[in-house]
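Structure first, commentary second.
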Amino acid sequence: MNQILLNSKEAKKTAIQAIQSAPNTHICIIKNRNRTAEQNSLYWKIIQDICEESTLRYEDKKCTKDQIHLYFALSFLEPKEITLFDGSKTIKRKSTTELSTKEFINYLEAIFVFCSEMPQLQYIPEKYSGSYEQIRKV
129 MNQILLNSKE AKKTAIQAIQ SAPNTHICII KNRNRTAEQN SLYWKIIQDI
179 CEESTLRYED KKCTKDQIHL YFALSFLEPK EITLFDGSKT IKRKSTTELS
229 TKEFINYLEA IFVFCSEMPQ LQYIPEKYSG SYEQIRKV
């Protein structure tokens, strides 16, 4: 599937041309851009840093990346109720892969606030502030 990021007049012209030349059986979807590779990379660097450097422990073991990722998702991503095929209801959290760039920036901000409030993690926001400012411009 071809995707065109509508971030310039030239890109928008390319999209219009693609739509005009597309077969009648194709569809065009315009949606907010999901988190970028740069945002995701920064996120996992922060998670890795927390795993390697912090004193966060569970049963005398360092927390794993998956544990920290799940903790942040459960803490900072909105739950939503979904109905399953049998009519039963359950709660699901949005995956970080589904977040728009703006939602992902808000997610990282919540993580930075969390880290700033934890004595063993207070270095995280300052350490990654330059990278964070870069991805905020997306």
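Residues are numbered in the working numbering as their position in the sequence shown, beginning at 1, plus a constant of 128. Where is the CB? At the ideal position from N, CA and C, for every residue including glycine.
Check: Please classify residue 200 as buried or exposed, where buried requires at least 16 neighbouring CB atoms within 10 angstroms.; Outcome: buried
Check: When the Cα of residue 254 is compared with those of 185, 232, 240 and 183, which residue comes out closest?; Outcome: 240
Check: Assign residue 248 to buried or exposed, taking buried as 16 or more other Cβ atoms, counted over all protein chains shown, within 10 Å of its Cβ.; Outcome: exposed
Check: Would you be able to state if there are at least three C-beta pairs under 8 Å between the region 216-230 and the region 193-207?; Outcome: yes
Check: Between residue 167 and residue 232, how many whole angstroms is the CB-CB distance? I'm expecting something under 8 Å.; Outcome: 5 Å
Check: Alpha carbons only, please: which of 227, 250, 257 and 258 is nearest the one belonging to residue 163?; Outcome: 227
Check: Name the residue from 212, 213 and 172 whose alpha carbon lies nearest to the alpha carbon of residue 193.; Outcome: 172
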